[in-house]
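Participant: So the protein lines, in turn, are chains Z and S.
Its first residue numbered 199, the first sequence is counted upward by one per residue in my numbering.
Its first residue numbered 18, the second sequence is counted upward by one per residue in my numbering.
There's a structure below that I have some questions on.
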Amino acid sequence: MHPETSPPVSPEAPRRGFLAKALALGCGGLATLAPLGAGVWAILDPLRRTSGAAAFRPVTDLAAVPADGVPRRFAVVADRVDAWTGFAAEPVGAVYLRREPGSDTVQALSATCPHAGCFVEMNATGTCFRCPCHNSAFTFDGGIVEPSPSPRPMDGLECRVAEGGAVEVKWENFYTGIAAKVARP
Amino acid sequence: MSTPTGTPPSHRGPLRRLADFLDDRTGYRSIVHEALYERVPGGARWRYVWGSTLVFAFMTQVITGLFLWASYSASAQTAWESVHYIQHDMAGGWLLRGIHHVMAQAMVVLLALHLLQVVIDGAYRAPREVNFWLGLVLMLIVLGMALTGYLLPWDQKGYWATRVATNLAGLVPLVGPALQQLVVGGPDYGHHTLTRFFALHAGFLPATLVLMLVVHLALFRRHGLHAKQPPAGPDAMFWPDQVLKDAVAMLAVMAVVLGVILVPALRTMAAGGTVDWGHVGAELGAPADPSQPYAAARPEWYFLFLFQFLKVFEGWGATGEFVGAIVVPGVIMAVMFLMPIVGRWNLGHRFNVAFTFALLAGVGLLTGLALHEDYYALWVDRGSLADAERLFAETGGDERKIAAALGGDRARIAAMEKRLRTLEKVRNSEAFLAAVRQARIDAARASELALRPERIPPAGALELVRQDPATQGPRLFAQHCGSCHAHVDPASPDAATILAKSSAANLHGFGTAAWMTGLLDPNQVAGPAYFGNTAHADGDMVGFVQGDLQDAEAWTPADTQAVIAAMASESGLGVAAPDVVARGRELVASDERCGSCHRFRDNGTELGTACDLTGWGSREWLAGIIADPTHERFYGASNDRMPSFGKAADGGAPQLTSEQIGMLADWLRGEWYRKGGGAHR
Ligand code: HEM
Ligand code: FES
Chain Z
199 MHPETSPPVS PEAPRRGFLA KALALGCGGL ATLAPLGAGV WAILDPLRRT
249 SGAAAFRPVT DLAAVPADGV PRRFAVVADR VDAWTGFAAE PVGAVYLRRE
299 PGSDTVQALS ATCPHAGCFV EMNATGTCFR CPCHNSAFTF DGGIVEPSPS
349 PRPMDGLECR VAEGGAVEVK WENFYTGIAA KVARP
Chain S
18 MSTPTGTPPS HRGPLRRLAD FLDDRTGYRS IVHEALYERV PGGARWRYVW
68 GSTLVFAFMT QVITGLFLWA SYSASAQTAW ESVHYIQHDM AGGWLLRGIH
118 HVMAQAMVVL LALHLLQVVI DGAYRAPREV NFWLGLVLML IVLGMALTGY
168 LLPWDQKGYW ATRVATNLAG LVPLVGPALQ QLVVGGPDYG HHTLTRFFAL
218 HAGFLPATLV LMLVVHLALF RRHGLHAKQP PAGPDAMFWP DQVLKDAVAM
268 LAVMAVVLGV ILVPALRTMA AGGTVDWGHV GAELGAPADP SQPYAAARPE
318 WYFLFLFQFL KVFEGWGATG EFVGAIVVPG VIMAVMFLMP IVGRWNLGHR
368 FNVAFTFALL AGVGLLTGLA LHEDYYALWV DRGSLADAER LFAETGGDER
418 KIAAALGGDR ARIAAMEKRL RTLEKVRNSE AFLAAVRQAR IDAARASELA
468 LRPERIPPAG ALELVRQDPA TQGPRLFAQH CGSCHAHVDP ASPDAATILA
518 KSSAANLHGF GTAAWMTGLL DPNQVAGPAY FGNTAHADGD MVGFVQGDLQ
568 DAEAWTPADT QAVIAAMASE SGLGVAAPDV VARGRELVAS DERCGSCHRF
618 RDNGTELGTA CDLTGWGSRE WLAGIIADPT HERFYGASND RMPSFGKAAD
668 GGAPQLTSEQ IGMLADWLRG EWYRKGGGAH R
């Protein structure tokens, strides 16, 4: 409609008009704040979540890790909670284990690529690691083969051999894409 | 109009220049102007706010609904679980869900007020007929969203209410059954019921609503506001005068909604209690379970009138439901759609107003009746009906017997019949209230289980509930054991009445030292809590307790205490000093004491005379006797009436599965998950 049809303007009208406008915006804004605020509060909830403290998990027996320096892949099994669902003893990731000839020390590497998180595999000839996503290559002890999109070597995981020969790995996830190896909370 | 021409563009601030740029390219200033500077004939009024509050309520639902969507998962194994997670785990989830839940109810109230205002003011008259019809369609869509939303948490409440609603849809002539199957997503309720209801709730219905709303508002603008006559004052502008009133009303609506959510919590805080925010806001029942009766099933309060209305046609069978659920509401909607036409005449308008008031009064009355019926027992003192109750118990409700008992006195018979009807109403109401209490208990228990550190198994929360001794134990007991056995704390005030009705031992605390103490008490062993009402009332055990055991020289009180300690340690439910237990075990095993009849561990007593006391009251022992009391380990041939629940009658399945028997044993032993890992009992 047209401003010409507006009612006659009294002298104090502009100030009253300003007050009314401010009040209207204030009330409307306040009323909308409740659903919006509740929504934003709830949607930020994932920021409070952590995947729990890293812990040693039995992965295999020492005998199953070939003593020829060539890595072999093993699943890491752990209890896992996904929001409301609890999974008992589920595969949660994979590690490569290797040991040098004659050695009882096991080296563990996470199979997660430090570049952007793809699953690192063995190359076709079995001579080194290769990531299928952007071709990062790594030596068997995890070192970078240049040129490499990956900013750092494969992530080593703490590993120990318990009495009785169970190989236990401290399972952790790390931020990808950065040069530093930083564990996710 | 507002482009400032006085200052050269180079002297304007950057914000102003951006605004100018945008206005130049989009012309937004005139659009905003058009939207805000609508003339309100006769000045701004409170009575015009209802439409705006409805738009605001809808916007609130869209905002909270979208955020809920970000965490909701529509499937039979995840709907309840995800809603529970929103409610109990997510920061602020309770508030988000609470607002969506309560605003949905507020929206229904606002719809009624908006409709009332439009009809009273005759705002449906030419040229606004089409807009009135659009409004009615909008109302139906909102009701549809309320109905579909109610199912989404997939709890007992929503599940059973929706089953009723969809079954009623099946009554529509010709297409009914197909319609029902389409809405339900198949012949049974499950994943696709949820995905379809969710798509309706958050997709089809709101999209349609928005389209209609846009047209509704455009037409509203085209026609201008229908002013209430006579005008209250000079014309005013929509902005800011009416907008201010609208905004205040919106704030008030939101304040009421937040009040409904928060006041109970604030009360708790004021009383010095701690608030569990997971229980603030919208309720969440136990997970939907098609195998579990739910006597507390009611639609949400704003549909209660329909529920009650259907009762009017009780006894008419399917025809009654068809008339009540489809024909009458259809006729009412038809009358409402005809209002703009009927309202062309002054008398017609009066009819419309009267009809609307009558409708709302009818809805209010039916709602009141429904609540009155359900909560009747809260305001009728059952004690005042004691005479009717006694007469009913004596006559079994038989009319002729009642007449005879009252000496054939017509007036007294009529008065008594009235009292008997009142009694029945009280009983029905008590049953409903008990069902509501039980529903709360089940809901709280399901939630407690869902919050265990192991969380919910992939099969869903129903699995947890179905395997929970605390939930299933009482149900299984009531169904299979309760017709003979009592399960009542002897110290409770109604223990005596309950025990008097039982015909087998009271199993409350079975396996504990307290239970054993009562068994070895000569005043109790032949009483109703033990063998009193069984074939063993004059058996050897009663004879032993009342005879041998009373010989204070042969059996010192210390001996008896040692036996009790030993037995409670067999079940694992009692703790006592090891030397006392060892002494007790010797006594139990001795062939001059219990061992003369009972086998105990390796005492070599033949089975067949009395039950084997080895592991008495343990889970294994209890499961064994429930499965087969006629086994020689237990009562053998002298078993008195107790069925063998774990034994299949030829070819059939046993009455109880081994899991169910295990749950009964666990429940009797007081063994189930407790928050914080509390000990037994
Ligand atoms: C675009 C708009 C909407 C979206 C995206 C939406 C989304 C949702 C979602 C995801 C739920 C499940 C979460 C839960 O049950 O707590 C839900 C529940 C519900 N919705 Fe909506 N909704 C919308 C609009 C509405 C409207 C307009 C109404 C009512 C008139 C409504 C009434 C309900 C009700 C009654 C529930 C059940 C709440 C409860 O008690 O748990 N919704 N909605
Ligand atoms: S993710 Fe492995 S190379 Fe990019």
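All C-beta atoms, glycine included, are put in the ideal place defined by N, C-alpha and C.
The structure presented is a predicted model; accordingly, all values stated were derived computationally and were not measured.
Please classify Thr98 of chain S: is it buried, with 16 or more other beta-carbons within 10 angstroms of its beta-carbon, or exposed?
Facilitator: Looking at the sequence provided, one finds Glu at residue 98 of chain S rather than Thr. So Glu98 of chain S ends up on the buried side.
Participant: Would you kindly check if the distance between the Cβ of Lys368 of chain Z and the Cβ of Ala252 of chain Z is under 7 Å?
Facilitator: A contact, by the Cβ cut-off of 7 Å.
Participant: If the cut-off is 9 Å on Cβ atoms, which residues from the region 261–288 of chain Z count as contacting chain C, listed in chain order?
Facilitator: Looking at the structure shown, chain C is missing, and the protein chains on hand are Z and S.
Participant: Give the DSSP-derived three-state secondary structure of His50 of chain S in the structure shown.
Facilitator: It is helical.
Participant: Please check the pair Pro4 of chain S and Leu301 of chain S, which I expect to be a contact at CB under 8 Å, by giving their CB distance rounded to whole angstroms.
Facilitator: Examination of residue 4 of chain S is not possible in this model, given that chain S is present from 18 through 698 alone.
Participant: Quick one: does Val260 of chain S have its CB under 7 Å from some CB of chain Z?
Facilitator: Chain Z, which has a Cβ nearer than 7 Å to the Cβ of Val260 of chain S, makes this yes.
Participant: Nearest CA to the CA of Phe449 of chain S: which residue from S:His389, S:Leu199, S:Glu623?
Facilitator: Nearest C-alpha to Phe449 of chain S: S:His389.
Participant: Quick check on DSSP: helix, strand or coil for Cys357 of chain Z?
Facilitator: The answer is strand: DSSP assigns Cys357 of chain Z an E or B state.
Participant: According to DSSP, simplified to helix, strand and coil, what is Val257 of chain Z?
Facilitator: Correct three-state label for Val257 of chain Z: strand.
Participant: Does any residue of chain Z bring its CB to less than 7 Å from the CB of Thr70 of chain S?
Facilitator: Judged by the 7 Å Cβ criterion, Thr70 of chain S is not in contact with chain Z.
Participant: Among S:Phe617, S:Ala342, S:Val580, which residue has its Cα nearest to the Cα of Pro190 of chain S?
Facilitator: The candidate whose alpha carbon is nearest that of Pro190 of chain S is S:Ala342.
Participant: Where does Phe317 of chain Z fall in DSSP's three states?
Facilitator: Of the three classes helix, strand and coil, the one that applies to Phe317 of chain Z here is strand, per DSSP.
Participant: Check whether the Cβ atoms of Asp353 of chain Z and Pro312 of chain Z lie closer than 7 Å to each other.
Facilitator: Going by C-beta atoms, Asp353 of chain Z is nearer than 7 Å to Pro312 of chain Z.
Participant: Is there a Cβ of chain S sitting closer than 7 Å to that of Pro383 of chain Z, yes or no?
Facilitator: Judged by the 7 Å Cβ criterion, Pro383 of chain Z is not in contact with chain S.
Participant: Give the range of the alpha helix (DSSP H) segment to which Arg436 of chain S is assigned.
Facilitator: Arg436 of chain S -> alpha helix (DSSP H) spans 427–467.
Participant: Determine the chain Z residues that contact Arg64 of chain S at a beta-carbon separation under 8 Å, and present them in chain order.
Facilitator: Correct list: empty, because the minimum Cβ distance to chain Z is about 18 Å.
Participant: Between Ala121 of chain S and Gly166 of chain S, how many whole angstroms is the CB-CB distance? I'm expecting something under 8 Å.
Facilitator: Rounded, the Cβ-Cβ distance is 6 Å, consistent with contact.
Participant: Per DSSP, what kind of secondary structure is Ser308 of chain Z in: helix, strand or coil?
Facilitator: DSSP places Ser308 of chain Z in strand when its eight states are reduced to three.
Participant: Ser348 of chain Z to Gly375 of chain Z, Cα distance in whole Å?
Facilitator: Computed Cα separation, rounded: 7 Å.
Participant: What are the uninterrupted segments assigned as beta strand (DSSP E) that are 3 or more residues long and contained completely in the region 206–254 of chain S, given in chain order?
Facilitator: Those beta strand (DSSP E) runs which fall completely within the region 206–254 of chain S and span 3+ residues do not exist here.
Participant: DSSP on Tyr102 of chain S, reduced to helix/strand/coil?
Facilitator: Residue state, collapsed to three classes: helix.
Participant: Could you pull out every residue in the same chain whose Cβ sits closer than 8 Å to the Cβ of Val380 of chain S, ignoring the five residues on either side in sequence?
Facilitator: Phe322, listed in sequence order.
Participant: At the level of alpha carbons, what is the spacing between Val181 of chain S and Arg462 of chain S?
Facilitator: Looking at the two C-alpha atoms, the distance is approximately 26 Å.
Participant: Under DSSP, the beta strand (DSSP E) around Asp277 of chain Z begins and ends at which residues?
Facilitator: Start and end: 270–280.
Participant: Do you know whose CA, among S:Phe324, S:Ala371, S:Lys442, S:Gly425, lies nearest Leu395 of chain S's CA?
Facilitator: Comparing Cα-Cα distances from Leu395 of chain S to each of S:Phe324, S:Ala371, S:Lys442, S:Gly425, the minimum goes to S:Lys442.
Participant: What is the DSSP secondary structure of Tyr393 of chain S, counted as helix, strand or coil?
Facilitator: In the structure shown, Tyr393 of chain S sits in a helix (DSSP, three-state: H, G or I).
Participant: Quick check on the burial criterion: 16 or more other C-beta atoms within 10 angstroms. Buried or exposed for Met350 of chain S?
Facilitator: Met350 of chain S is exposed by the Cβ-count criterion.
Participant: Are the beta-carbon atoms of Phe651 of chain S and Thr631 of chain S separated by less than 7 Å?
Facilitator: No. Outside cutoff.
Participant: Since Leu295 of chain Z sits in a beta bridge, which residues does DSSP pair it with?
Facilitator: Answer by DSSP bridge pairing, in chain order: Z:Arg270, Z:Ala306.
Participant: Under 6 Å from any heavy atom of the ligand HEM, by CB: list those residues in chain order, please.
Facilitator: Result (chain order): S:Phe75, S:Gln78, S:Val79, S:Gly82, S:Leu83, S:Leu85, S:Trp86, S:Tyr89, S:Val100, S:Arg114, S:His117, S:His118, S:Ala121, S:Met124, S:Val159, S:Met162, S:Ala163, S:Gly166, S:Tyr167, S:Leu169, S:Pro170, S:His218, S:Ala219, S:Pro223, S:Ala299.
Participant: Among the residues of its own chain, which have a CB less than 7 Å from the CB of Gly360 of chain S, if the five just before and after it don't count?
Facilitator: Closer than 7 Å at the Cβ level, and outside the excluded window around Gly360 of chain S, lie Gly139, Tyr141, Arg142, His366, Asn369.
Participant: Here's a check: name, in chain order, each residue in its chain whose Cβ is nearer than 7 Å to the Cβ of Met533 of chain S, leaving out the five neighbours to either side.
Facilitator: Counting only Cβ-Cβ distances below 7 Å, and skipping sequence neighbours, we find Ile581, Met584, Ala585.
Participant: I'd like to confirm something about Ser334 of chain Z: is its beta-carbon nearer than 6 Å to some heavy atom of the ligand FES, or not?
Facilitator: Yes, since a heavy atom of the ligand FES falls inside the 6 Å radius drawn around the Cβ of Ser334 of chain Z.
Participant: Might you give, ordered along the chain, the residues of its own chain that have their beta carbon closer than 7 Å to the beta carbon of Ala244 of chain S, omitting 5 neighbours on each side?
Facilitator: Once the five neighbours on either side are set aside, the close Cβ partners of Ala244 of chain S are Pro58, Gly59.
Participant: Smallest Cα separation from Leu537 of chain S: which of S:Ala517, S:Ser661, S:Ala579?
Facilitator: Minimum Cα distance to Leu537 of chain S is reached at S:Ala579.
Participant: Less than 7 Å between C-beta atoms, sequence neighbours within five positions excluded: which residues of the same chain meet that for Arg33 of chain S?
Facilitator: Taken in chain order, the list of residues that qualify is empty.
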